[in-house]
Amino acid sequence: MKRINLMSTLMGVTILGAGLSGSPAMSADVTITMAAPDWPPTRFMKEHFDQTYTSPDGHTTTLDMDFIPWPSFYERVAASLTSGEQKYQMIVTDSQWLGAFVEGGYYMNLTDKINQDPELTAIMQDLHPALVSAYSTYPHRTRAQLEEAGEVPAPGVNYYGFPQFPDTYVTFYREDIFCNEGEMAAFQEQYGTNLPCSYEDWQDTDWTKWGQIGEFFQRDAGEMLAGEELTEPFYGIAYQAGKGYDFSTMQVNAFIWQQGGDIWDESKAPEAQAEGVVNSDVSVAAFDEYLSYLQYMPPVAQTGQMDIFVIQDLYMQGKVGAIIDWVGLGEPVLDPSASTVHDKSAFGPAPGTRQADGSIDRTGNIGGQPFVLTTWNSDEVVNEALNVVKWWLNPETQLAAVANGGQSGLMSVMAMPEYNDLRPWNRAHVEMIDWQKDVWHIPEFFEMLTQQQEEFDKAITGQQSAKEALDNVAAFQQELLEDIGFIE
Amino acid sequence: MTIKLNKLTKRFGSLTAVDAIDLDVGDGEVLCLLGPSGCGKTTTLRMVAGLEAATEGDVMLGGKRVNELAPRQRNVAMSFQFYALYPSLSVADNLAYPLHAEKLSGAEIEKRVAQVAKTLQLESILKRTPSQLAEGEKQRVAVGRSIIRDPQCFLFDEPLSRLDVQLREEMRGEIKEVLQDLSRPTVIVTHDQLEALTMADRIAVMRDGRIEQVDTPHNVFQSPSNLFVAGFIGTPQMNLIPATLKGSNGDGLADFAFEGEQSLKIKVDPAVSKLSPGAKVTLGIRPRNLEMSVEPTEDSLSTKIDMVEPMGAETLAHMHDGYHDLRLVTDWRVPLSEGDLMHTRFPPDTTHIFTEDEQVLRSAP
Amino acid sequence: MARKHREIGKAGWGYTAVASVVGLIYFFPVLWIILTAFKTRTDALAVPPKLFFTPTFENFTSVFYRASITTGSSQATDMGLYFFNSIFIAFTSVGLALIVGTIAAYAFSRYPLKGNDTYLFIILTTRMMPPIVVIIPIFLMFRLSGLAGSYWGIILLYTAFNIPFSVWLVKSFFDELNPEIEDAARMDGATERRVFFNFCIPQVLAGLSATFVFGLILTWNEFLFALLLTGVETRTVPVAMARTLGGEVGVDYGLLAAIVTLFLIPIFFVTFLLQNQLLRGVTFGTVKK
Amino acid sequence: MADTASTKGGFGAWLLDPKRRGALLVTPAILILFVMNIFPLLWSFGLSFFNYKASSQRVPRFKGLDNYGDVLTDEKVWERFQTTAIIVSSSVLLQLIVGFLLALLFAKAFPMRRIVLMLVLTPMMLSFVSVGVFFKLFYEPTFGVVSYVLNMFTSEPFVMLGSPQGAIIGIVIADAWMWSPFVMLLVLAGLVSVPKYLYEAAEIDRASKWRTFRTITFPYIKSLLLLAVLFRTIETFKLFDIVYIITEGGPGSSTETIAVYLYRTAFQFFKTSQSSALAYFVLFIVIVLTNLYLYSVNRRAEEVN
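Chains as they are written, first to last, in the working numbering: chain A, -17 to 470; chain B, 498 to 862; chain C, 39 to 327; chain D, 56 to 360.
Right, dumping it as C-alpha cells:
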C-alpha cells in the first residue's frame, strides 16, 4: 500500500508504506527502533529484552531504544512523526496522544492483527479493561462500552496500543506519624474518627478525612510532631496542583467523576455536550472541594507549581505527611539516597468520595503509557514487533518487570498471590486500577488540556472561582468542539 | 605664584622616569621642558598637575606643598596634547567647562567665554562641536579653555605638535602673546626646540629623567652646558668632532689633533688651559659659525664637499675629511658644488670644548 | 598625614576587595549550582539550605555511570561521548562559520556587491526568526538529505546560525583597517591571497577571537535543534542534560549541577583566555581609540 | 555568454575574474544560509497561507491571508504580546541598570580584574534550562534559598510565584541575571573607549563627578546602550526556556510570552500554518526593531569618526 499525496509531501507529511517487504518465513536481521522516555521502566524493557528475547521466527532482532529525556519526549516524538522522519518502529506514548497521531496517520491500527492472531486476542482479553479502554482504543471507547460488547476484541472498535507502564495514583503516607499513638489519640479526640494507619484504614478514608488530616498535621516550626519538636513547618497533605502538562487535571477529574459530574465525553460524540456538563453544579462543587484542601498543603500550592514531582520531593524530604502520587514515582521514595522517609513509608488507596450507601467512589484518571507500532513498516518488521509485544506481555516478563519497579496490566499477573508483595504499593495499585477512566484522546486534546490547565491554575492561585474556571473551560470546549465537528 | 620642584622623582616599577629634578618657575615666567621623547618631560608636567603621583620629592605651588592634593584641588590649567576637547559639547560649552566649578552666574560665564573667544578669534565657531573643527581651531579652543579661568599655573603638553608648520608658527606667536598677558607661571612641554626657543623665557633641557640645563633660550643655544644639549639644540646639528689636545696657552689658543693627519690651532675658552696635553676632548661648532677659506690655514680643516642642500636663503653643505663629517651653512650666494675641496676655518670663541665626561669646559663668567 | 591621592583609572587592592564582594554576590547562583553538584539529593533540598556539608562525588560518577535496572551493575552513560560531541560540534561549527563568515565579510567590506546592504540585512534577519517556526521544514529537509543524526547535519546548521553574527562582526573589523596598506602591498606585487592572509587577517585576529567566543557562547547551550536533529551517536550535552529534569523523580539537582559544572569548564576556560578580545569584539568594531 | 567565457580560458577563468571576486567570496556563506535557513523560512512562509495541520492527513487548503487575520484578531495573541512587552521591557531595563553598574565597577583597572570579571561573566555561559531549573528551586517556598532568606523577614511563607506580579518578577530576575553581563560587556567597551585624557581634563577643569559622567562618559556609551537595548530586546523576545521552566506561563496565563504561545500553537496544537503566520508577525516586529538597531550602529560609527 503506497499512498503519496503530493500536497502533504510538500507540507511535510509523508506517508510512505514501507518499501521492501521480504518473505516472512525467511530469517533476517530486524532492527526495531523504539522511542522511549529515559526512565527505569523502559530501561528495564531494553535490558530484559537483550537478556531474554529470542525471535520465534528465527530473526536476529535488535531492539534499538532511543532513550529520550522525559521532559523533551513529547517534542522529540511529535517532531519526528509530523515531519515524516519515519525513524521509529515502535513508540511509547501517552494515551492522550493517540488521537493526534492516529489521525496524522502515524500509529498503526492493530485491530486486524489482533483479530487474526489468537495469541494477541488472548492478551487483549487478559488485559484489564480499564487499560484497554485508555491505552488502546481510538476513537475512544469507555470501559463500559467495551464491556457491553461482551467480547474482546469488541466489534467496531479500533485498537492501537499495549501497556508499557500502567500507572495509577495512590496514597503515600508516613507510617511513623500516622501510626503514632499520641497523634492517633489526639486526632480521634479532635474529629471523632480514627487517623488512618493501616491499609484498611485508608480503604475507608474519604476526602473529608483527607481534609481533616491536612488541618490536623499543619504545624509550625517549634510545635511537636509525633513526640519530636519540629524545626520547620510541617504539612499534612498534598496532591498535584501544577500548571504544567496535566498536573491538575488528573486530580480534578477524580473529584468531578466521583461526585457524579463529567468531563466532555468523547465516546458519546457528537451528542455529548461540553457546555452545561463541564460546568454543571456538581462539577463546580467537586472542583470547589478540590480547591478547599489546598489551604492545608505546602505553600508551593499557592503558585500553581505543585506538580507530581514537587509533592514527591516534599514527601521524600519529610515536609508532608501524606501525598497522592503516581505509583511510577514510588521507587525513589524507598531509596535511602534520595528519601529521608525511605523506612517510614507505607501506601494505601487514594481517598475518594463517600456515596450515599457509605461506600467510597475512587474513580481516578489513569496515568502511565502504552506503546504502539507505526504505520510505515514492512510486514516483516510488523510481525516481529508483534512478537516483541507478545514477549513483553508474557506473564513471565511482566512479573520480572514488576519485580524491577514496573507494573503489569495483565489481570492474570495481578491476580498472582506474590504480586501484592513484590512492591509495597502493589495492593493499592490493583485496587485503584479498577477505578480508572481516561481523559480525552481526540487530536485537539492538547489545546483543550492547555486551556483547562490555565483556567484551573487561575482558580488554584486564587485569581478566579471554581465556577468561573469551569464556565471558561466549558465555553472554550464547546466552541472548539463545535468548530471541528465533535459536537453537533 | 610660583612652581617649585624639589628632588621630584617618579618611578614606574624599576624604571625611573623622572630622577630627582629641581626646578623653579617664577611668576609670569614661561618655562619649556624640552627633550626627546621618553625623557620624562610629560611625566614631570603631569606630576605638577597632579595626574601622576610623585614617588619622591615635592611639588610646590605658590610655596605650598601640594603632593597630596588631587588635580582639582591644585587649581591648575592644563592643555593636553590631543586637546582633550569634550566631544559632545560645543566650543562654547567646552570653553565654559572649567567655570562651572567656580559657581559663576550664567551671565558671568557667558561674558568670560565671549572674552576668551574674542582673544583667540573663536567667535565664529562657538556653536560647533569639536569634530567639526580644524586642527588649529581645536588648538585654540584648548588654549582658550585653559586661560578662561585664573589658575595657579598653566601647563601645556605638546601644544603645537599636531599642527602643520605654518599653523604652528602662527600659533606660537598667538600663545606667546596670550601668555604674556597672564602673569602666572607656565610650563610648556615640547620636543620641538624651535617652539621652545621662541616661546620660552627659560628652557629646561631634559634627558633620561634628568634636567641637563636650565637657561634662557639664548644661553641654551649659545652656551650649551654639555655635549647632549649642544647636540640637541640647533638645526642643523652642531658639528661635534673628537680631538686630542696637544697644548694650549693661557689665552685659550690651543692645538688639537684629529684622527687622520690634520690638526688645528684655534682660540677657544681660556679654561682649556686646565686640561693637560693629550686629553681627549670633543670640539663643537655650529655649522653657521664655520667659515670658508681659499687657502689652508692653521685654524682650518681641509674637507671635500659630499653634498649640497640649498635651503633657500642659505645653503647647507655636507663635507668630510676622510674621518669626520662636517656641516656648514653659508649664504646661498656662495657657489658650492659637490666634489669641491675646501678649507673650513674655526673662528675664535665660537668653538665649544667638551671634556671626556661630556661637560662643557668654560671659565666662570 | 595626608593620603596619597589616586591617579585616575587605577585602583588598588581595596577596590579589588569591593569588586570581589560584588562579583561573588553575582556569582552566588553559579556557586550554588557548583556546590549542589557535591550534594546528595537530601542535602540539595535541605531546609535550611546548606552552605556547609560533607561533599559527595557520586553526582560526578553518575554523570558517566549508571546502575543497571536488572543487575545493578554499572553501565556507561555515554556522557563522555556527549561531551566530545558538544565540543566537536560547537568548535567545528563556530570555526567553520568564522572561516566562511570571514571570507564573506572581507568581500562585503572590500568588494561591495550591488545591494550590499540588502544582502547584509537579509543575513541578519535569519538570526531574528523564532527557531520554532523553521523546525518542521528543517527536520524534513534533514530526513530527505540523510543529514539527520549525522555530525555534518548539526554542524552545518549551527554554522548557518553563526554566519550572520560572524559576517557582521568581522566585517566591522575589516572596515576599520586602513585599505591603503593593502594597496601598498598590492603595488609591491603581493597577490590577493597574500594581501588577505599576510596583511588583513593578522590585523583582525583580536576581532576573530572575540567573534569565536561569542559564537561559542551562543552555540554551546543550544537545545531545541540538538534535541531534534542529533541521533544517539551525535547527541550533545544539553540534550543529555534534560534527562536530569524529571523521570522517576523531579529534577535530579545534584546530577544536573554536576553536568552543568563540568560543561562550564571548557567554555569558561576559552572565555578566560580570550577575555581581552571579548571586550574589544563586543563593540562591533565601531569603537576606535 | 558561455562562449566569451571559454575564449578567455574556460569556466575557471570566468569564475576567477576579479569582477566576480566579491560574489565568489560571498557565495559559500550565502549558500549555507540559503540551504539551512532561508529555504526553511520560505517554506514556512508558504505554509502560513494554507490551513495545514501537521497532525492531520487532510490535504491542506489555500487560505490566503486568513491565518494572518486570525492571528491579528486573536485576543490571546494580543494578551501574550502584552505579557511579552512587560517582561521584555522590565528585563531589559533591569539588565541595563545592573549591566551598567557592573560596567562602572569594572571600568577601573584593579589587581586581579581578569579573574573577578570572570565571576560576573559566567551566568551567560549557563544553559537557559539550568538557569530556569535552579531559579525555580531558589523561589520554591519550602526548599528555596531565596525563600528561606526572605522568610526570616516575613511571618507568612514567602511565595514568589504565587501572584502574576511575583511570577513576572521571578522570571525577570532570572533572565536579567543571566544577561546583564552581556550589557556590561557592551557598556564596558564604551567606557574603555573613552580616552583617559578626557577624564584628566575634566579633573583639571574641576568638573564634578556628575558633570563628568554627563558630558564625557554618557555621550560615549549612549549609542552602545541603545545597541544593548535593541540586541537584548530582540533576544528576550524569543525568551522561552526560562519562562517555560519557571512558571509554564502561570499563574494562569500571566507569564505566557509570545514565544511560549508560539510553541504551544506549533507543537502542541499542531496549528502549523497558523503558527507560521504568527511567527511571521513576530518577525515583522523584530525586523522593525532590527532596523532601529542598525540605525543606532551606524550612528555610533558616525559619532566616533
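Where is the CB? At the ideal position from N, CA and C, for every residue including glycine.
Residue i, buried or exposed, once every other Cβ within 10 Å from all chains shown has been counted against 16
{"i": "L88 (chain D)", "result": "buried"}
{"i": "M471 (chain A)", "result": "Outside the displayed range of chain A (-17 to 470) lies residue 471 (chain A), so it cannot be described from this structure."}
{"i": "G4 (chain A)", "result": "At G4 (chain A), the pLDDT of 41 sits below 50, so the modelled position is not reliable; the number obtained from the coordinates is stated separately. Exposed is the call here."}
{"i": "E549 (chain B)", "result": "buried"}
{"i": "I313 (chain D)", "result": "buried"}
{"i": "A328 (chain A)", "result": "buried"}
{"i": "V204 (chain D)", "result": "exposed"}
{"i": "E461 (chain A)", "result": "exposed"}
{"i": "T209 (chain A)", "result": "In the sequence on display, residue 209 (chain A) carries Gly and not Thr. By the 10 Å Cβ count, G209 (chain A) comes out exposed."}
{"i": "H41 (chain A)", "result": "buried"}
{"i": "S860 (chain B)", "result": "exposed"}
{"i": "W829 (chain B)", "result": "exposed"}
Closer than 9 Å to chain B by CB, residue i
{"i": "T270 (chain D)", "result": "yes"}
{"i": "S235 (chain D)", "result": "no"}
{"i": "I313 (chain D)", "result": "no"}
{"i": "S263 (chain D)", "result": "yes"}
{"i": "P250 (chain D)", "result": "yes"}
{"i": "R75 (chain D)", "result": "no"}
Any C-beta of chain D under 9 Å from that of residue i
{"i": "S65 (chain A)", "result": "yes"}
{"i": "S112 (chain C)", "result": "no"}
{"i": "Q287 (chain A)", "result": "yes"}
{"i": "P832 (chain B)", "result": "no"}
{"i": "R609 (chain B)", "result": "no"}
{"i": "N123 (chain C)", "result": "no"}
{"i": "L194 (chain C)", "result": "yes"}
{"i": "M668 (chain B)", "result": "no"}
Cβ-Cβ separation, residue j to residue i (assumed contact under 8 Å), whole Å
{"i": "V101 (chain C)", "j": "I297 (chain C)", "result": "6 Å"}
{"i": "T272 (chain C)", "j": "G187 (chain C)", "result": "6 Å"}
Short CB-CB distance (under 9 Å) between residue i and chain A
{"i": "V287 (chain C)", "result": "yes"}
{"i": "T59 (chain D)", "result": "Low per-residue confidence applies at T59 (chain D): pLDDT is 44, beneath 50, and the placement is therefore not dependable, though the value from the model is reported in the following sentence. So no, T59 (chain D) is outside the interface."}
Proximity test, Cβ basis, 9 Å: residue i and chain C
{"i": "R25 (chain A)", "result": "yes"}
{"i": "K108 (chain D)", "result": "no"}
{"i": "G387 (chain A)", "result": "yes"}
{"i": "V292 (chain A)", "result": "yes"}
{"i": "S319 (chain A)", "result": "yes"}
{"i": "K69 (chain A)", "result": "yes"}
Near the ligand NAD: residue i beta-carbon under 8 Å from a heavy atom
{"i": "C238 (chain C)", "result": "The model depicted lacks the ligand NAD and carries no ligand whatsoever."}
- For the stretch 28 to 85 of chain A, which segments carrying the beta strand (DSSP E) assignment without a break, of at least 3 residues, lie completely within its bounds, in sequence order? 42 to 50 and 72 to 74
- If contact means a Cβ-Cβ distance below 7 Å, which residues of the stretch 577 to 604 of chain B contact chain D? Shown in chain order are the members of the stretch 577 to 604 of chain B whose Cβ falls below 7 Å from a Cβ of chain D: F577, F579, A581, Y583, P584, S585, L586, Y594, P595, H597 and A598.
- Could you pull out every unbroken alpha helix (DSSP H) segment of at least 4 residues lying fully inside the stretch 168 to 237 of chain A, listed in chain order? 181 to 185 and 189 to 199
- Taking only beta carbons into account, state which residues of the stretch 549 to 572 of chain B come closer than 8 Å to chain D, listed in chain order. A567, P568, R569 and N572
- Task: List in chain order: all unbroken alpha helix (DSSP H) runs of 4+ residues lying wholly within the stretch 541 to 578 of chain B.
- Result: Correct list: 568 to 571.
- Query: When you check each C-beta in the stretch 209 to 225 of chain D against every C-beta of chain A, which residues fall closer than 7 Å?
  - Reply: P212, V214, L216 and G217
- Residues, ordered as in the chain, of the stretch 130 to 159 of chain C that lie near chain D by beta-carbon distance below 8 Å: V138, G139, I141, A142, Y144, A145, F146, R148, Y149, P150, L151, Y157 and F159
- Of all the residues that make up the stretch 91 to 109 of chain C, which are near chain D by a beta-carbon distance shorter than 7 Å? none
- Query: Which ranges would you report for the beta strand (DSSP E) in the stretch 740 to 812 of chain B if only whole runs of at least 3 residues count?
  - Reply: 750 to 754, 760 to 764, 777 to 782, 788 to 790 and 797 to 807, all fully within the stretch 740 to 812 of chain B.
- Item | chain D contacts made by the stretch 249 to 265 of chain C, where a contact means CB separation under 8 Å | I255, W258, N259 and F261
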